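Everything below concerns the one structure shown next.
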Amino acid sequence: MAETTMNYFLINAPAGSGKTTQIKAMIQKFILEDQKNNILCITYTNRAAEELSKDIISDNVFIGTIHSFLHKFMKNYFSHNEIINLYFEIYGDKIKERISNIDKQENIVASNDRYIEKYGSLSYEIVSENIKSVSYNESPFNSLYYGGLSHDDLISFSKCIFDRFLIIQKRIAFKYQFIFIDEYQDTMADVLKIFYECIAKTNTRLYLYGDRMQQIYDNYDGTFEEQFKAFDNKQALTINYRSTTDIVNILNKIYNNSSFIQDNSSEMKKVSANYRPRIIITSDIESSINEIKATNPDIMTLYLLNRQRFSDIGALSLYKAFEGMEKYGYGRTYTVVNILTTAYIDNPDPLMKLMFCIMYLVDCYQARKYGLIVQTLKAYKMFCSDVWQIRSHGEKQKLIDNLKNLFNVLKSDSAVIGDLLNKLDELFFIDKTFLDGILSDDENQNALKVPLIELRRLTEYLSNPKISTQHGVKGESHNSVIFVADDSTRSPIVHMYKFFEMWGHLSISLETFNQFYYSYANELLDLWASIKINNNDLNKDSYSEYSEIIYKKLLFITEKFSNDSYFKFLCKENYDKYFNKPGVTNAKNCLKESTVLGVLSAYKLFYVGCSRARRNLTIIIDSLKLKGDVNIHKKKFIEIGFEVIDANFSEH
Numbered sequence: 009m010a011e012t013t014m015n016y017f018l019i020n021a022p023a024g025s026g027k028t029t030q031i032k033a034m035i036q037k038f039i040l041e042d043q044k045n046n047i048l049c050i051t052y053t054n055r056a057a058e059e060l061s062k063d064i065i066s067d068n069v070f071i072g073t074i075h076s077f078l079h080k081f082m083k084n085y086f087s088h089n090e091i092i093n094l095y096f097e098i099y100g101d102k103i104k105e106r107i108s109n110i111d112k113q114e115n116i117v118a119s120n121d122r123y124i125e126k127y128g129s130l131s132y133e134i135v136s137e138n139i140k141s142v143s144y145n146e147s148p149f150n151s152l153y154y155g156g157l158s159h160d161d162l163i164s165f166s167k168c169i170f171d172r173f174l175i176i177q178k179r180i181a182f183k184y185q186f187i188f189i190d191e192y193q194d195t196m197a198d199v200l201k202i203f204y205e206c207i208a209k210t211n212t213r214l215y216l217y218g219d220r221m222q223q224i225y226d227n228y229d230g231t232f233e234e235q236f237k238a239f240d241n242k243q244a245l246t247i248n249y250r251s252t253t254d255i256v257n258i259l260n261k262i263y264n265n266s267s268f269i270q271d272n273s274s275e276m277k278k279v280s281a282n283y284r285p286r287i288i289i290t291s292d293i294e295s296s297i298n299e300i301k302a303t304n305p306d307i308m309t310l311y312l313l314n315r316q317r318f319s320d321i322g323a324l325s326l327y328k329a330f331e332g333m334e335k336y337g338y339g340r341t342y343t344v345v346n347i348l349t350t351a352y353i354d355n356p357d358p359l360m361k362l363m364f365c366i367m368y369l370v371d372c373y374q375a376r377k378y379g380l381i382v383q384t385l386k387a388y389k390m391f392c393s394d395v396w397q398i399r400s401h402g403e404k405q406k407l408i409d410n411l412k413n414l415f416n417v418l419k420s421d422s423a424v425i426g427d428l429l430n431k432l433d434e435l436f437f438i439d440k441t442f443l444d445g446i447l448s449d450d451e452n453q454n455a456l457k458v459p460l461i462e463l464r465r466l467t468e469y470l471s472n473p474k475i476s477t478q479h480g481v482k483g484e485s486h487n488s489v490i491f492v493a494d495d496s497t498r499s500p501i502v503h504m505y506k507f508f509e510m511w512g513h514l515s516i517s518l519e520t521f522n523q524f525y526y527s528y529a530n531e532l533l534d535l536w537a538s539i540k541i542n543n544n545d546l547n548k549d550s551y552s553e554y555s556e557i558i559y560k561k562l563l564f565i566t567e568k569f570s571n572d573s574y575f576k577f578l579c580k581e582n583y584d585k586y587f588n589k590p591g592v593t594n595a596k597n598c599l600k601e602s603t604v605l606g607v608l609s610a611y612k613l614f615y616v617g618c619s620r621a622r623r624n625l626t627i628i629i630d631s632l633k634l635k636g637d638v639n640i641h642k643k644k645f646i647e648i649g650f651e652v653i654d655a656n657f658s659e660h
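Here our numbering is used: the first residue of the sequence shown is 9, the next is one more, and so on.
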């Protein structure tokens, strides 16, 4: 077991606790103490980096995303022969497989043809000779033939470099005396390990800020749990500056951890609400929402399912186009919501980055902000340099005319995204290589057919959102919030009504629930590793081959967690069925990690959704989906601090 060290600090920062203000204060404090101090602050988004950077003026402070940091730090090493050799050691087999393209995949055929057109031939030896440096290509995919690393692989490859070349690893600690990681709970374990290992046995201090109750993304895989034990976690931000007293009391009871109790600020203690936090149990969700909105049109409605959210916005076809893309499917770093709600500056998808940027440029055109237009065009390689190089009045007028043409396409109710791309190409506005990358991606074909009116509706919504999802409002807050309870078997997997049922019977805390989940998930991973398949590949034949191993493992799991209340409530029934009648179907039910993860996700999302409200909070629950005794649910909700309104019967 790891011992607590003097230079690792974990600061719990629950919802509304002024985390950004605290981090800025710490950075400024260390600068004042010694202007020679070098400080690194890793943030989740560029937007968060901009917020943290305000009022901090020092060349010794780097504030940015992990990708921006690694891109800057590692590029000095990416052209070294040892690093290039490591690249081929890791990706060589994938490059050979892509060159051979046994399955004759069309996108790979096109990629191979483009390489041959550029270099005259394609072979592993030629690729090896042509790659003079590794680079970050700022996209979701690797450019294997060119040494280009994707978002995820920039991190994993950098981790491999640090592990192989310890001198490079230690240069981080040598350069920086203080390292901050914001939103640590959603940070990839590889990132946490990089900084944990690089400052070991040094005087550099590492500060992790965040709140594990708000861990709502899939980036963290639970493989840093042992290292967390080495962190001093005595510090915590205990004042909630966002919400009224009633809401803060509810958040404390949901959190259910005496170490992390919040009080609200003196200012918020004076704030009055229109009503007590309430739960409405109804069989008519839509009518209840409309009734509340009629009296408060500015209320934020939080849905679970993105399909419903984007349907309400009027951008369902756009959502469906990206929902069908494998690159944004379950378990991927970026989800459909990330792509459709992230501004062009941070957007990882080339097509939506371009679309959002064009919408911004057209807005600037309408406002006659020509300086901002040129500045933006110059900042991104996706635009042709001839577009932004203004050397005469005629060239300025040409740019204005081009923007007018784009505006006319955008405002057309019959035009589609593909039409806008064609116009950009026709006007020589867009870099040919960038456009080719978008058009050659087969997964983009449905998106090109989406009406531009949906893009307009989406950007209008993003400028003033009144609808969101419970996992899409991280960091936001609103005076009044409606939280619509729902389940989902797709990403994110959420079993909200099973959570309500378990909540009525068990005392749940994040600490104990997390401990059980990661321990339980590790046992399942151990089983899949031993038989080298996953649950999706388990069938009658494979089960017959591995039935003895599976039986023994499930028996071991049952014995290991025999006294665990979470296991008893969520898993034991499936395990009993399996042992009564062993077979592939009952085994698959036992081996679904989602049985536990769905309820844990619901617990966190319920907290996150409630924490967004400043004054008024309403939870709407479908009475037809409640499991078990409704009176047990009502008793729990009242105990937590809600007023319960059963719209089907009477108030309680």
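Just so it is clear, CB atoms sit at the ideal spot from N, CA and C, and this is done for glycine as well. None of these values were measured; they are calculated from a predicted model.
Simplified DSSP assignment, three categories, for residue i
i      : result
Glu434 : helix
Val424 : strand
Ser552 : helix
His479 : With a pLDDT of 47 at His479, under the threshold of 50, the modelled position of this residue cannot be trusted, and the question is left open.
Tyr525 : helix
Arg213 : strand
Thr195 : coil
Leu152 : helix
Tyr144 : strand
Glu137 : helix
Gly379 : helix
Gln189 : Gln is not the amino acid found at residue 189; the sequence shown has Ile there. Note: Ile189 maps to strand in three-state DSSP.
Leu535 : helix
Gly617 : helix
N-terminal and C-terminal residue of the beta strand (DSSP E) that residue i is part of
i      : result
Gly6   : A question about residue 6 goes unanswered here, because the residues of the chain that appear run from 9 up to 660.
His88  : Taken as a continuous stretch (DSSP letters only), His88 belongs to no beta strand (DSSP E), as it is neither H nor E.
Thr467 : No beta strand (DSSP E) holds Thr467; the alpha helix (DSSP H) holding it covers Leu460 to Ser471.
Leu18  : Tyr16 to Asn20
Ala493 : Run containing Ala493: none; DSSP gives neither H nor E here.
Leu411 : Per DSSP, Leu411 belongs to no beta strand (DSSP E); it is in the alpha helix (DSSP H), His401 to Leu418.
Thr626 : Ala621 to Asp630
Arg284 : Segment: none, Arg284 is in no beta strand (DSSP E) and carries neither H nor E.
Leu48  : Ile47 to Thr51
Glu651 : Glu651 to Asp654
Cβ-based neighbour list, residue i, same chain, cut-off 6 Å, excluding 5 preceding and 5 following
i      : result
Asn282 : Asn624
Trp536 : Asn542
Ala423 : Val417 and Leu460
Tyr574 : Phe524
Leu493 : Contrary to the premise, residue 493 reads as Ala rather than Leu in this sequence. If we look at Ala493 and ignore the five residues flanking it on each side, its Cβ neighbours are Met504 and Ile629.
Thr467 : Met367
Cys372 : Leu380 and Ile381
Tyr4   : This structure does not reach residue 4, given that the chain is present from 9 up to 660, and the question cannot be answered.
Own chain partners of residue i with C-beta closer than 7 Å, once the 5 adjacent residues on each side are dropped
i      : result
Lys386 : Trp396
Asp433 : Leu443
Tyr342 : Pro148, Tyr336 and Pro356
Ala10  : Its pLDDT being 49, under 50, Ala10 is placed unreliably by the model, and nothing is read from it.
Ala181 : Cys206, Ile207, Thr210 and Thr212
Val142 : Phe86, Ile91, Ile92, Tyr95, Gly155 and Leu157
Boundaries (first-last residue) of the alpha helix (DSSP H) holding residue i
i      : result
Ile124 : Glu114 to Tyr127
Ile646 : Val638 to Ile648
Arg172 : His159 to Arg172
Ser274 : Ser274 to Lys277
Cys372 : Pro358 to Gln374
Interface flag, residue i vs chain C, CB-CB below 8 Å
i      : result
Lys596 : Absence of chain C from the displayed structure is noted, only one protein chain being present.
Contact set for residue i: own chain, Cβ-Cβ below 8 Å, skip 5 residues either direction
i      : result
Thr477 : Confidence at Thr477 is low in this model, with a pLDDT of 47, below 50, so its placement is unreliable and the value that follows should be read with caution. Taken in chain order, the residues that qualify are Leu310, Tyr311, Leu312, Leu313, Asn314, Arg317 and Val345.
Ser517 : Tyr263, Asn264 and Asn265
Tyr586 : Leu562, Asn594, Ala595, Asn597 and Cys598
Leu608 : Phe521, Asn522 and Tyr525
Leu428 : Met363, Ile366, Leu414, Val417, Leu418 and Leu460
Integer-rounded CB distance, given that residue j should sit under 8 Å from residue i
i      : j      : result
Gln222 : Gln243 : With a Cβ gap of about 18 Å, Gln222 and Gln243 do not count as contacting.
Asp240 : Tyr16  : 6 Å
Val199 : Ile163 : 6 Å
Phe232 : Lys209 : About 19 Å separates the two Cβ atoms, so there is no contact after all.
Ile189 : Phe203 : 7 Å
Gly155 : Ile139 : 4 Å
Whole beta strand (DSSP E) runs in the stretch 308-342 with 3 or more residues, listed along the chain?
Within the stretch 308-342, the complete beta strand (DSSP E) runs of at least 3 residues are 308-311.
Alpha helix (DSSP H) runs wholly inside the stretch 236-272, at least 4 long, in chain order:
Here the runs fully enclosed are 253-263.
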